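Q: In my numbering, the protein residues as written are 6 to 764. Even for Gly, the Cβ is constructed at its ideal location relative to N, Cα and C. Predicted model, so just to flag it, every value in this text is computed and none were measured. This is the structure, below, for whatever I ask next.
Rendered as structure tokens:
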């Protein structure tokens, strides 16, 4: 049964504060504990590297171990590494790769520190220490921890979000050229990846699936950027480990652990952050308390509260019904049950309320009046890992989760309060075996979904249930130091019983294959092909009482082919790819047809990406150019007609400059340039999508030279550009009978001032 939504997002704050106070008390009395687990560094991997420059060897080491390694390019410049082959721990591999380099690797507090060896030349000994952080994340990156680094395609880090005082999903993905977020205000924001809407993506928060929509005129993902450790984006049909139904890609949000916040030597700490947003006169307050409860246990509790008024667009016009109140409560417990056994338990609750148009995706109009709207998402997550350093056959990970999303809209004077609810419960159990030339991951995942809706007097009058069970295997094969082959497949079975009593059952196998070949130590070529299947699933809760499913509906089948390259020379990296994703028998309920879900045809997303980064001493440069053409049955997508499928985006260029001026000051600039689409055909006429250029600046100042006190000053939309994001509903108002069919224009210039205290 869906819960009765609160009149204001306040009811759970006392509980969160009590948890934070208890954590602080326990942490203050705890003895100084040992550092984070070193399992990721001690786990065995199959390595096969040729003799090459040291920087390239570290990059290959990161890719083959499936971790992220951060290192200063200056420290490895001009150094070489000998060939490396065999199964060993990452720690041992680092020692062998660093042999003769004048550098040593030391394990300290769950991290590795690279420092000049005692016998190194004086010039090397003068270099400062460099910390190397090993995490299980997207492979193949290395960068100095704590330094501003260039933006990477497919990875969003906490550091990037902190620099720009990120506050919503649009801020989170602003640096990613393949992604776009529209909607104007948080609850209406939808994610698009290569022109494909997030309803066709596999989106997870710490492994917990975010499934379906409660209301098709709102976004389905809301998360506090302050808690994000990183976001991993895998465009296109995923590999076997991507989870079920990853037709257009995968977006994985990973939240911070207590150990990510504790300084070296700390047993308890706290973070207080206050932010002011000038455009909407918004105020945001965040508090985190974290600490070690015992030698092998740590915990954190966080509370965020924000209050925003309606913002103004670039022309100085107030954008009605964009103000909101949001609140977040978060708790995470991490501990070692025994040697090599780690457990994580987290709870995340996000609430949003405000006066919204009946269809938040569109502006206010005579048919789209404003009413109170409340939404909440609640996620429980239990994770377990077993990673014995002495046995390469076992690297076990288990994740159990439950996510509830509820929306209540009070259409005053008409039908009153109406509620929609989505509930998902699932698990993922996998193991990775490391053999001499193979890294094999295999497992099973399962998810049960429920959708319900109805008036406040009977909020579950309409219901439907669905589920999916999958088995998968993925093998990374190192054939030679230059040649890596990935092969995998997953088999999924989908079931659905809809609100009208119809039952559906579909199953199928989805293979994938990709290859990476190092032509030279600097140049690598990549190619891949993957497929995915998704059967009919639970749909928009707010449509359950008005829409039906075609009894002959077929499963959606996607395939993606990609060709690409990577080129690295010293501090310069350049990569590119071309791609083609086709989703056959895509399911939708088109406007102008009977209220029914059915197979509407073939969705196709084709395009190319070029991306480059350059590290020059204390300055990092980045640029990405993305071209995409997304169509349904040959017609370019638009948000209005193809709601739930995708949108057409103009060519997008993203740029960034990050400069560590001194040890106390960082400054930077980011630009997003989108080319206009002069004419976009729709079933009711042509619309235009004008282009735009948006510039953002930031400056971070640490008066003490440490992060104990930081002032962040950011300017969003520096030149006060008045524009409609290409990921928002296009402007149909010039077409007779379509007045009011347009999304909200984006905020104009905004000054963001943030003060952060760490204890």
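Let me know the secondary structure DSSP gives residue 98 once reduced to three states.
A: Residue numbering aside, residue 98 sits at position 93 when the chain shown is read from its first letter. Three-state DSSP puts residue 98 in a helix.
Q: Report, in whole angstroms, the separation of the C-beta atoms of residue 727 and residue 320, which I expect to be a contact under 8 Å.
A: If you number the chain shown from 1, residue 727 lands on position 722. If you number the chain shown from 1, residue 320 lands on position 315. Their Cβ separation, rounded to whole angstroms, is 4 Å, which keeps residue 727 and residue 320 in contact under 8 Å.
Q: Mind reading off the beta-carbon distance from residue 88 to residue 54? Whole number of angstroms is fine, and I expect it under 8 Å.
A: As a position in the chain shown, residue 88 is number 83, starting the count at 1. As a position in the chain shown, residue 54 is number 49, starting the count at 1. With 8 Å as the limit, residue 88 and residue 54 qualify as a contact, their Cβ atoms being about 6 Å apart.
Q: Under a Cβ-count criterion, where at least 16 other Cβ atoms within 10 Å of its own Cβ denotes burial, should residue 95 be classed as buried or exposed?
A: Mapped onto the chain shown, residue 95 falls at position 90. Its Cβ being crowded by 16 or more others within 10 Å, residue 95 is buried.
Q: What first and last residue would you give for the alpha helix (DSSP H) that runs through residue 516?
A: Position 511 of the chain shown holds residue 516. Unbroken run through residue 516 is the beta strand (DSSP E), 508-523; no alpha helix (DSSP H).
Q: How long is the line joining the alpha carbons of residue 263 and residue 764, rounded to whole angstroms?
A: Numbered from 1 along the chain shown, position 258 holds the residue referred to as residue 263. Numbered from 1 along the chain shown, position 759 holds the residue referred to as residue 764. So the alpha carbons of these two residues sit roughly 14 Å apart.
Q: Which value, in whole angstroms, describes the spacing of the CA atoms of residue 405 and residue 385?
A: The residue you call residue 405 lines up with position 400 of the chain shown. The residue you call residue 385 lines up with position 380 of the chain shown. Computed Cα separation, rounded: 8 Å.
Q: Three Cβ pairs or more, each shorter than 8 Å: is that satisfied between the region 340-348 and the region 184-202?
A: Touching, no, given that fewer than three Cβ pairs across the two stretches are closer than 8 Å.
Q: Helix, strand or coil: how does DSSP classify residue 606 here?
A: In the chain shown, counting from the first residue as 1, residue 606 sits at position 601. Correct three-state label for residue 606: strand.
Q: Return the residue from the list 750, 623 and 370 that minimises the CA-CA distance to residue 187.
A: For the purposes of this step, residue 187 is taken as residue 182 along the chain shown, with counting starting at 1. Out of 750, 623 and 370, 750 has the C-alpha closest to the C-alpha of residue 187.
Q: Considering only the beta carbon of each residue, do residue 543 and residue 454 sit closer than 8 Å?
A: Position 538 of the chain shown, counted from the start, is the residue given in the question as residue 543. Position 449 of the chain shown, counted from the start, is the residue given in the question as residue 454. Yes, the Cβ-Cβ distance between residue 543 and residue 454 is below 8 Å.
Q: Using 8 Å as the cut-off, can you tell me whether the region 553-568 makes contact with the region 473-492, which would need three or more C-beta pairs spanning the two stretches below that distance?
A: Short answer: they don't touch.
Q: Give me the Cβ distance between residue 561 and residue 583, rounded to the nearest whole Å; I'm assuming they're in contact under 8 Å.
A: On the chain shown, residue 561 is found 556 positions in, with the first residue counted as 1. On the chain shown, residue 583 is found 578 positions in, with the first residue counted as 1. About 23 Å; that fails the 8 Å criterion.
Q: Spell out a yes or no on whether the region 427-440 and the region 215-224 are touching, meaning 3 or more CB-CB pairs, one atom from each, closer than 8 Å.
A: The region 427-440 vs the region 215-224: in contact.
Q: In this structure, how does DSSP classify residue 203 when only helix, strand and coil are distinguished?
A: Here residue 203 corresponds to residue number 198 of the chain shown, with the count starting at 1. The answer is helix: DSSP assigns residue 203 an H, G or I state.
Q: Have a look at 407, 276, 685 and 398 and flag the residue whose alpha-carbon is nearest the alpha-carbon of residue 441.
A: Within the chain shown, numbered from 1, the residue matching residue 441 stands at position 436. With distances taken between Cα atoms, residue 441 lies closest to 398.
Q: Please give the ranges of any beta strand (DSSP E) in the region 374-440, keeping only runs that are unbroken, at least 3 residues long and fully inside the region.
A: 375-391, 401-416 and 421-439, all fully within the region 374-440.
Q: Ends of the alpha helix (DSSP H) at residue 165?
A: Translated into positions along the chain shown, residue 165 becomes position 160. Here the alpha helix (DSSP H) through residue 165 covers 163-168.
Q: If you measure between the beta carbons of residue 458 and residue 315, is that distance less than 8 Å?
A: Translated into positions along the chain shown, residue 458 becomes position 453. Translated into positions along the chain shown, residue 315 becomes position 310. Not closer than 8 Å, so no.
Q: Straight-line CA distance for residue 140 to residue 234?
A: Residue mapping note: residue 140 aligns to position 135 of the chain shown, counting from 1. Residue mapping note: residue 234 aligns to position 229 of the chain shown, counting from 1. Because the pLDDT of residue 140 is 38, which lies under 50, any placement of that residue in the model is unreliable, and the question is left without a value.
Q: If I measure Cβ to Cβ from residue 610 and keep anything under 6 Å in the same chain, skipping five residues before and after, which residues do I get?
A: Taking the chain shown and counting its residues from 1, the one referred to as residue 610 is at position 605. Only 199, 200, 201, 586 and 635 meet the Cβ criterion.
Q: Could you compute how far the alpha carbon of residue 491 sits from the alpha carbon of residue 364?
A: In the chain shown, counting from the first residue as 1, residue 491 sits at position 486. In the chain shown, counting from the first residue as 1, residue 364 sits at position 359. Residue 491 and residue 364: Cα-Cα distance of roughly 44 Å.
Q: So, using beta-carbon positions, are residue 174 and residue 106 closer together than 8 Å?
A: What you label residue 174 is simply residue 169 of the chain shown in a count that begins at 1. What you label residue 106 is simply residue 101 of the chain shown in a count that begins at 1. Contact flag unset, no.
Q: Could you please give the first and the last residue of the uninterrupted alpha helix (DSSP H) stretch that includes residue 175?
A: Along the chain shown, read from residue 1 onward, the residue named residue 175 stands at position 170. First-last of the alpha helix (DSSP H) with residue 175: 174-177.
Q: Do residue 555 and residue 603 have their beta-carbon atoms positioned less than 8 Å apart in this structure?
A: Start at 1 with the first residue of the chain shown, and residue 603 comes out as number 598. Start at 1 with the first residue of the chain shown, and residue 555 comes out as number 550. Against a cut-off of 8 Å, the Cβ pair of residue 555 and residue 603 comes out as a contact.
Q: Count the C-beta pairs between the region 655-669 and the region 218-227 that are closer than 8 Å, then say yes if the count reaches three, no if not.
A: Taking 8 Å as the limit for Cβ pairs, the verdict is that the region 218-227 does not touch the region 655-669.
Q: Could you tell me how far apart the beta carbons of residue 231 and residue 291 are, in whole angstroms, since I believe they sit closer than 8 Å?
A: Your numbering for residue 231 matches position 226 in the chain shown. Your numbering for residue 291 matches position 286 in the chain shown. About 5 Å separates the two Cβ atoms, so the contact holds.
Q: Check the C-beta distance from residue 647 over to residue 694 and give it rounded, since I have them as a contact under 8 Å.
A: Working through the chain shown from its first residue, we reach residue 647 at position 642. Working through the chain shown from its first residue, we reach residue 694 at position 689. Residue 647 to residue 694, Cβ: 14 Å. No contact.
Q: Between the region 681-692 and the region 732-749, do three or more beta carbon pairs fall short of 8 Å?
A: Because the criterion of three Cβ pairs below 8 Å is met, the region 681-692 and the region 732-749 touch.
Q: Only counting the same chain, and skipping five residues up and downstream in sequence, which positions put a Cβ closer than 6 Å to that of residue 123?
A: Reading the chain shown from its first residue, position 118 is the one you call residue 123. With a pLDDT of 45 at residue 123, under the threshold of 50, the predicted position of this residue should be treated as unreliable, though the coordinate-derived value follows. The answer is none, since no qualifying residue turns up.
Q: What are the complete beta strand (DSSP E) segments, minimum 3 residues, inside the region 700-753?
A: Whole beta strand (DSSP E) segments, 3+ residues: 714-721.
Q: With DSSP as the reference, label residue 579 as helix, strand or coil.
A: For this step, residue 579 is matched to residue 574 along the chain shown. Correct three-state label for residue 579: strand.
Q: Which one or two residues does DSSP pair with residue 58 in a beta bridge?
A: Residue 58 sits at position 53 when you count from the first residue of the chain shown. In DSSP, residue 58 forms a bridge with 85.
Q: Is residue 265 helix, strand or coil by DSSP?
A: Against the chain shown, residue 265 aligns to sequence position 260. Three-state DSSP puts residue 265 in a helix.
Q: Specify the secondary structure class of residue 547 as computed by DSSP and reduced to three states.
A: Position 542 of the chain shown, counting from 1, holds the residue named residue 547. DSSP places residue 547 in helix when its eight states are reduced to three.
Q: Can you look up residue 63 in the DSSP assignment and give me helix, strand or coil?
A: The residue you call residue 63 lines up with position 58 of the chain shown. Helix at residue 63.
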